[in-house]
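Be aware that the sequence shown starts at 1047, since it is given in our numbering, and climbs by one per residue.
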Amino acid sequence: MHTSIHLHPDVAAALRDGEPVVALESTIIAHGMSYPQNTQTARAVEEIVRSNGAVPATIAIIKGKCTVGLTDEELEYFGQAKNILKVSLRDMPYVISNGLYGATTVAATMRIAAMAGIKIFVTGGIGGVHRGAENSMDISADLTEMEHTNVAVVSAGVKSILDIGLTLEYLETKGIPVVTLGQEAFPSFYSQTSGFKSPLTLDSPEAIAAMLKVKWDMGLQGSVLIANPVPANQEIPSDIMEEHIVLALDAAQRAGVNGKDITPFLLKYIANHTNGESLEANISLIKNNAAVGAKIAVDLSAITD
Ligand code: PSU
Ligand code: MN
């Protein structure tokens, strides 16, 4: 195994015994939510994974080591520390060679999960093709990573800060299956719908696990994007979100924000301008994803020999 990887003993034991493990990202802790909701949510999510029969493995880079499964103190540090670098794939060698701390995005978390042998990864929303990408060329490395790496991603769909239509096109081009749990509409994070139909629909975690097994058994490389709609009683309708998103994009442009800073800027702006309502939806959908991801991991390990 790669020398700069460190497994938490619980994670190492579960992987050795072929027990289900669920990877979780750390950018959402350091850059996606503010303190103390970030650490409270991260702990609650780990607990939900456990209560659904899998072992949680929150992934981050600690003093240059890819760390799979954080201690409670480490998790607290990521929640509180300022200036933790947001680490996507291109940032990994720099952060590791300099012995730094890094909060891993979907792309970096997937890569480290794959190095450790974890198949299922739970997050809130993935990065994708940004609105205006025809000029900015801003397409998240989450998508290119999903083309190559055999780790399935459980999300609440794609946030409409992105161009959802182009993101779905990109996923199709790269051969990445997109499957929504239990409904035909593709969800958009805060909302159960997006105006787009999901390319695929399956009705149970078990059916999704069966699809993952077939894909990887056939040697079809890459991820599957699993979309799990936000619970109905927590959803914010997409027309209301759209108003906030337009204002957030405008504020980002006026502030000259670009590159890796744009996604955290938009997330923060929206959280600050929706009176905590979006934060509540965010917390609820990630917990919901944790339960589904753990069930998929349990079902997948049951059919894996
Ligand atoms: N989208 C969300 N919530 C998030 C992110 C994206 O709805 O927290 C975070 C994830 O860590 C994702 C990253 O991998 O932002 C994407 O950043 P970028 O667009 O710079 O690739
Ligand atoms: Mn980008």
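Yeah, the Cβ is synthetic: ideal placement off N, Cα and C, and Gly gets one too. Only a predicted model underlies this, so the values are computations on that prediction, with no experimental measurement involved.
- With a 10 Å radius around the Cβ and a threshold of 16 neighbouring Cβ atoms, I1349 comes out exposed.
- Around the beta carbon of V1260, fewer than 16 other beta carbons sit within 10 angstroms, so the residue counts as exposed.
- For the options G1170, V1141, P1102 and S1143, the alpha carbon positioned closest to that of V1152 is the one of G1170.
- Counting along the chain, the unbroken beta strand (DSSP E) around G1148 starts and ends at G1148 to T1150.
- Judged by DSSP in its simplified three-state form, L1070 adopts strand.
- In terms of Cβ geometry, G1178 and S1186 do not form a close pair [threshold 7 Å].
- One alpha carbon belongs to T1195, the other to N1334, and they sit about 24 Å apart.
- According to the DSSP secondary-structure assignment, F1167 is paired through a beta bridge with A1069 and V1199.
- For the ligand PSU, no non-hydrogen atom lies closer than 6 Å to the CB of T1085.
- In the DSSP assignment, H1052 falls outside any alpha helix (DSSP H) and lies within the beta strand (DSSP E) extending over I1051 to L1053.
- Between the ligand MN and D1285, a heavy atom-to-CB distance of less than 6 Å is absent.
- For the set D1345, A1100 and I1207, the Cα lying nearest the Cα of H1290 is the one of I1207.
- Judged by DSSP secondary structure, I1316 falls within the alpha helix (DSSP H) whose first and last residues are I1308 to N1318.
- By the neighbour-count criterion, in which a residue is buried when 16 or more other Cβ atoms sit within 10 angstroms of its Cβ, L1346 is buried.
- Taken through DSSP and simplified to helix, strand or coil, L1116 comes out as coil.
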